[in-house]
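Residue numbers (the working numbering), protein chains in the order written: chain V, 1 to 318; chain Z, 1001 to 1318.
Okay, structure first, notes after.
2 protein chains.
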Amino acid sequence: VILAVDIGGTQFSLMLVREDGSVAEVRRYPTDRDGGAAWMVDQVVTRGRLLMDRAKGRVRACGVGFGGPVDFEGQRVIQSTHVPGWRNYPISRALSGALGVPVTTDNDANAGALGELMHGAGKGCRDLLYYTVSTGIGGGIIIDGRLHRGANGNAGEVGHVPVAVDGPPCACGNRGCLEALCSGPAIARRAVEALRRAPGRGKRLRKELRSGGPLTARQVFDCARQGDELATAVVKETALYLSMGVAAAINTLAPEAVVVGGGVAKAGRILFTPLRRFVSERLMPVHRGCVRIVPARLRNRSVLMGAAVLAVADRDFL
Amino acid sequence: VILAVDIGGTQFSLMLVREDGSVAEVRRYPTDRDGGAAWMVDQVVTRGRLLMDRAKGRVRACGVGFGGPVDFEGQRVIQSTHVPGWRNYPISRALSGALGVPVTTDNDANAGALGELMHGAGKGCRDLLYYTVSTGIGGGIIIDGRLHRGANGNAGEVGHVPVAVDGPPCACGNRGCLEALCSGPAIARRAVEALRRAPGRGKRLRKELRSGGPLTARQVFDCARQGDELATAVVKETALYLSMGVAAAINTLAPEAVVVGGGVAKAGRILFTPLRRFVSERLMPVHRGCVRIVPARLRNRSVLMGAAVLAVADRDFL
């Protein structure tokens, strides 16, 4: 049995996975954004031990998908994308010492890619591209059946492909990145701007905006599904920008499949239908029809399943 | 001794290379654009035999870099990017039969990447990105010391990364590709448009335009070097768009070096200085300072030197 952990900025989860890939138990908890590494490690150890007790000592390894860049060689968090207090933190050593099993950590997008490769929509692929589109946009690249880490270990940042020369500023410091246009918050922001620019239009979307609380990407997709004209335009624009990033990656890497996970991918057909069409229009003829573009199959368990793969895979494979 | 061949749309060249990588002899000839495969194979065989005679029978293999997509597994040209009459042509078999030595063919951008990796600006790298910027923009990707070919064998088309959502149409059928903005002809086209939009400006560049013959990218760079204001703006814009493609590739693949070859790269500092600055501004902090961006060292021999590598390398390595 393996203990899999997914550490994110709003929640963290733990899961017990059997050797055959079947899931025994999943638990989700909210993240204390001010707690930093000490609080999180304490939580994972406490809750992890409870799960390990339930598995009656059969847990032999732990894998962690972390929301931020990880120095895989050194098994250290470089920093958290979401919360302070993680800089250069030796996460695997800290957890391993307290849990008494070997721990392997990678960033959550790489874990998600591994999860989908071994147990999800990318099963059987040798070359796979994984996007996770939620609060930010991350990615993992599988080449010849292995994670591609690049010279500095931080390959796979497909959310920071610039697609608009004068686009909105991105959290990374650049402008016009895919993330700055197509992440959940960016979709909501573009919807609010669209409402502002066209005062008489988008009745349903406007109602959502006025109903209190900040507008979410999910509300934008829901309104589009109900026929709201402005919401539909925002979704179409989202698919268009996403298609630029995906087409860039396919023309460059020629994978067998592009798997799109994360909260935004749950929008389903209303996003994937225009996305597939725009990507196809933007691919070189030689790549057209060669690549499946599919939603992640494991949904919010991609990272956890990948963390389980990390825990027991040969280091050479990773 | 190896016979290396570079087949392009305007010229083709043959070279004898010794086992130690030193060059014995290079010959360049114009391509008959209407001659197709039959004419070219006849030319390469005739001229290749002459060179082989001069090497007194010591030539033991031949490598070819071809200007267009190649089915490497099948050792066939898929089509020429430049000229008709090459569709699905078994080039290596045709040449090998006539020359009496084994022949290995790949597309010229992959060959160029191999040449710079083994003998040029990328020597010693394990992860390398090679751009060739001339009539079109091609590329070759080295991952873990080997060419990355992707699932369908056509990876590396970094010139067809879309960088402007409403950009000019590209030869590939898409719009706003890097190639449609930064290839030699695209640079010249943008310069002509800039002159048209600003009738009172760009005196020196305007003089070049009026001097007869279509404007070339080289003239644009020359005028910029001489201080022409419009030409300088066009060069800066070229560097800006190129930086979007290069930053996208670095954030995605994290190579050790980006090597830029092809005619446009000969512009030198006037292009590379703003290119490096814009790329650095567009990289994620974690990638900044990690990647050298350098001109190809073998200049117009990158492809020939790579063809020589192709000729004698283990198939497993390729």
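All C-beta atoms, glycine included, are put in the ideal place defined by N, C-alpha and C.
Look at residue i and residue j and say whether their C-beta atoms are less than 7 Å apart.
{"i": "VAL1158(Z)", "j": "ALA1265(Z)", "result": "no"}
{"i": "VAL309(V)", "j": "GLY112(V)", "result": "no"}
{"i": "VAL1139(Z)", "j": "TYR1131(Z)", "result": "A quick correction: the sequence has Gly, not Val, at residue 1139(Z). Against a cut-off of 7 Å, the Cβ pair of TYR1131(Z) and GLY1139(Z) comes out as a contact."}
{"i": "SER80(V)", "j": "ILE137(V)", "result": "no"}
{"i": "LEU1099(Z)", "j": "GLY1048(Z)", "result": "yes"}
{"i": "GLY63(V)", "j": "HIS82(V)", "result": "no"}
{"i": "GLY176(V)", "j": "GLY167(V)", "result": "yes"}
{"i": "ALA37(V)", "j": "GLY74(V)", "result": "no"}
{"i": "LEU1014(Z)", "j": "ARG1033(Z)", "result": "no"}
{"i": "ILE1143(Z)", "j": "ILE143(V)", "result": "yes"}
{"i": "ALA1224(Z)", "j": "THR1232(Z)", "result": "yes"}
{"i": "VAL1101(Z)", "j": "ALA1061(Z)", "result": "yes"}
{"i": "GLY1245(Z)", "j": "VAL1133(Z)", "result": "no"}
If you reduce the DSSP assignment to three classes, tell me which class residue i lands in.
{"i": "ASP1222(Z)", "result": "helix"}
{"i": "ARG18(V)", "result": "coil"}
{"i": "ASN300(V)", "result": "helix"}
{"i": "ILE78(V)", "result": "coil"}
{"i": "SER13(V)", "result": "strand"}
{"i": "ASP228(V)", "result": "coil"}
{"i": "PHE1066(Z)", "result": "strand"}
{"i": "THR1252(Z)", "result": "helix"}
{"i": "VAL264(V)", "result": "helix"}
{"i": "PRO1102(Z)", "result": "coil"}
{"i": "ASP1071(Z)", "result": "strand"}
{"i": "ASP6(V)", "result": "strand"}
{"i": "GLY48(V)", "result": "helix"}
{"i": "ALA313(V)", "result": "coil"}
{"i": "PRO1295(Z)", "result": "strand"}
{"i": "VAL1235(Z)", "result": "helix"}
{"i": "THR1135(Z)", "result": "coil"}
{"i": "GLU1157(Z)", "result": "coil"}
{"i": "ALA1171(Z)", "result": "coil"}
{"i": "CYS177(V)", "result": "strand"}
Is it right to say residue i is buried, meaning 16 or more other beta carbons lie within 10 angstroms of its own, or is it exposed?
{"i": "ASP42(V)", "result": "exposed"}
{"i": "LEU1050(Z)", "result": "exposed"}
{"i": "GLU116(V)", "result": "buried"}
{"i": "TYR241(V)", "result": "buried"}
{"i": "ASN88(V)", "result": "exposed"}
{"i": "THR1238(Z)", "result": "buried"}
{"i": "GLU1179(Z)", "result": "buried"}
{"i": "THR1031(Z)", "result": "buried"}
{"i": "ARG18(V)", "result": "exposed"}
{"i": "GLY57(V)", "result": "exposed"}
{"i": "ARG1354(Z)", "result": "There is simply no residue 1354(Z) to check, as chain Z begins at 1001 and stops at 1318 in what is shown."}
{"i": "PRO255(V)", "result": "buried"}
{"i": "GLU321(V)", "result": "Given that chain V is displayed from residue 1 to residue 318, the structure contains no residue 321(V) and the question cannot be resolved."}
{"i": "THR46(V)", "result": "exposed"}
{"i": "SER22(V)", "result": "exposed"}
{"i": "ARG190(V)", "result": "buried"}
{"i": "GLN226(V)", "result": "exposed"}
{"i": "ASP316(V)", "result": "exposed"}
{"i": "SER92(V)", "result": "buried"}
For residue i, which option in the options has the closest C-alpha, if you only look at C-alpha atoms?
{"i": "VAL77(V)", "options": "LEU95(V), PRO274(V) and ALA61(V)", "result": "LEU95(V)"}
{"i": "ILE187(V)", "options": "ARG47(V), LYS56(V) and LYS236(V)", "result": "LYS236(V)"}
{"i": "GLY1065(Z)", "options": "MET1305(Z), ALA1164(Z) and ASP1316(Z)", "result": "MET1305(Z)"}
{"i": "TYR29(V)", "options": "ALA38(V), GLY9(V), HIS287(V) and VAL17(V)", "result": "GLY9(V)"}
{"i": "LEU1253(Z)", "options": "CYS1290(Z), ILE1270(Z) and VAL1103(Z)", "result": "CYS1290(Z)"}
{"i": "ALA1155(Z)", "options": "VAL5(V), ILE293(V), PRO285(V) and ARG225(V)", "result": "PRO285(V)"}
{"i": "PHE1221(Z)", "options": "PRO1168(Z), VAL1234(Z) and VAL1101(Z)", "result": "VAL1234(Z)"}
{"i": "PRO1069(Z)", "options": "SER1092(Z), ARG1210(Z), ASP1106(Z) and LYS1056(Z)", "result": "ASP1106(Z)"}
{"i": "ARG1292(Z)", "options": "GLY1263(Z), ALA1247(Z) and LEU1298(Z)", "result": "ALA1247(Z)"}
{"i": "HIS287(V)", "options": "HIS1160(Z), THR1232(Z) and PRO1169(Z)", "result": "HIS1160(Z)"}
{"i": "ASN152(V)", "options": "GLY1245(Z), ALA1231(Z), LEU1147(Z) and ASP1127(Z)", "result": "ASP1127(Z)"}
{"i": "ASN1110(Z)", "options": "VAL1260(Z), SER1280(Z) and PHE1272(Z)", "result": "VAL1260(Z)"}
{"i": "ARG1054(Z)", "options": "VAL1101(Z), SER1092(Z), VAL1044(Z) and VAL1001(Z)", "result": "VAL1001(Z)"}
{"i": "VAL103(V)", "options": "GLY262(V), ARG301(V), GLY212(V) and VAL59(V)", "result": "VAL59(V)"}
Rounded C-beta distance between residue i and residue j? I'm assuming under 8 Å.
{"i": "GLY1122(Z)", "j": "ALA1311(Z)", "result": "In fact, because the Cβ distance is near 19 Å, the residues do not count as touching under 8 Å."}
{"i": "ARG3(V)", "j": "MET52(V)", "result": "Note that residue 3(V) is Leu in the sequence shown, not Arg. The Cβ separation is near 6 Å, so the contact holds."}
{"i": "ALA307(V)", "j": "ASP20(V)", "result": "With a Cβ gap of about 17 Å, ALA307(V) and ASP20(V) do not count as contacting."}
{"i": "LEU275(V)", "j": "ASN251(V)", "result": "Actually they do not touch by this definition, with Cβ atoms about 16 Å apart."}
{"i": "LEU1195(Z)", "j": "LEU1205(Z)", "result": "6 Å"}
{"i": "LEU318(V)", "j": "LEU209(V)", "result": "That belief does not hold up - the Cβ atoms of LEU318(V) and LEU209(V) are roughly 45 Å apart, past 8 Å."}
{"i": "PHE272(V)", "j": "SER243(V)", "result": "That pair is no contact at about 11 Å."}
{"i": "ARG1201(Z)", "j": "GLU1229(Z)", "result": "6 Å"}
Under 7 Å between C-beta atoms, does residue i make it to chain B?
{"i": "THR10(V)", "result": "Checking the listed chains, one finds no chain B in this structure; the protein chains it contains are V and Z."}
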